[in-house]
Amino acid sequence: MTVRREFDQGLEQLNQWLVEMGELVERAVEQAINSLKDNNQELANKVIADDVKVNEMEEKIMELGLKLIATQQPVAKDLRRIIAAFRIASDLERMGDLALDIAKAVLRLQGEPLIKPIIDIPRMGEIIRNMTYEAIQAYVHENVDLAFKMAKDDDQVDALFSQITRELLLLMMENPRNIAQAQILSFVGRYIERYGDHATNIGESVVYLVTGKRPDLNS
């Protein structure tokens, strides 16, 4: 096997593992938000238990990338691809942690009835799930337009978070007994908002991969 072919196979393995990691994270955040919507503590516990898989995948990606750098000494775009893979894996790991935080928030609710119908949080969840998928596709296919789309999607997430925050503040003002749960729901909104920021970071890594320059898509 030629050196270049061996290197290309390593890069293809990186791509495959990033896709798998993205799928794990996408599933985790979907299940975490569903556990909140349905007040399902069993599902929340599953998200918490499954987080180790995301961490293990990040370690595999890091180890392979370091091996490729050490043995193949890549330059230019080949090196950028590995560096971008490192950054994306790191962002995906943080996104997995935020899904974990949502699940832990559900456990803190202790099965209590929700003070308001959960509408905007699932909307935010749908957007960030789609962002996860599109961010990884942008990397695999080097699609800069899809990478820049992350910024627009993130603006939608931010707008919904602001709306949720206002509604929860009103509920706390109306009845002090709402405060504890409203704070937990506000934390969930914040976790989702931060998740969107990390998805946008992946978009930045894709632009860096293709152009060699890293834009600020979170401004």
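Under the UniProt record's numbering, the residue at position 213 of the sequence shown is numbered 213, and the numbers go up by one with no gaps. Glycine included, each C-beta is placed from N, C-alpha and C at the ideal position. Just so it is clear, the structure is predicted and the values come from calculations on it, not from any experiment.
Residue interval of the alpha helix (DSSP H) (run including residue i)
i: ARG87; result: 76-109
i: ILE128; result: 120-141
i: GLU112; result: No alpha helix (DSSP H) holds GLU112; DSSP gives it neither H nor E.
i: LYS67; result: 41-72
i: THR189; result: Per the sequence presented here, residue 189 reads as Gly, with Thr not at that position. 179-211 is the extent of the alpha helix (DSSP H) around GLY189.
i: LEU160; result: 144-174
i: LEU24; result: 3-37
Nearest neighbour of residue i, chosen from the options [CA to CA]
i: VAL52; options: LEU36, LEU24, THR165; result: LEU24
i: ARG87; options: PRO215, LEU217, ASN218, HIS198; result: HIS198
i: MET162; options: GLU93, ASN39, GLN9, TYR191; result: A small correction: the amino acid at residue 162 is Ser; Met does not occupy that position in the sequence shown. If we check each option's Cα against that of SER162, TYR191 comes out closest.
i: GLY125; options: GLN16, GLU63, ASP153, VAL206; result: ASP153
i: TYR195; options: MET150, ARG166, LEU168; result: MET150
i: VAL47; options: LEU68, LEU98, GLU20; result: LEU98
i: ILE82; options: PRO215, ASP216, TYR208; result: TYR208
i: VAL54; options: ALA138, ALA28, LEU43; result: ALA28
i: HIS141; options: GLU6, LEU18, ALA89; result: LEU18
With 16 other Cβ atoms within 10 Å as the buried cut-off, status of residue i
i: MET173; result: exposed
i: residue 222; result: It is not possible to answer for residue 222, since the shown part of the chain is limited to 1 through 219.
i: THR71; result: exposed
i: LEU170; result: exposed
i: ASN175; result: exposed
i: GLU56; result: exposed
i: THR2; result: exposed
i: LEU109; result: buried
i: ILE119; result: exposed
i: LEU114; result: exposed
CA-to-CA distance, residue j to residue i, given in whole angstroms
i: VAL102; j: ARG4; result: The question names Val, but residue 102 in the sequence shown is Ile. If I take the Cα positions, the gap works out to 43 Å.
i: LEU100; j: ALA76; result: 36 Å
i: GLN16; j: GLY10; result: 10 Å
i: GLN181; j: ALA32; result: 17 Å
i: ASP91; j: VAL106; result: 23 Å
i: LEU64; j: GLN13; result: 9 Å
i: VAL206; j: THR132; result: 13 Å
i: GLU112; j: ASN39; result: 8 Å
i: ILE128; j: VAL157; result: 8 Å
i: LYS60; j: GLU167; result: 42 Å
i: THR69; j: LEU146; result: Per the sequence presented here, residue 69 reads as Ile, with Thr not at that position. Approximately 28 Å between the Cα atoms of the pair.
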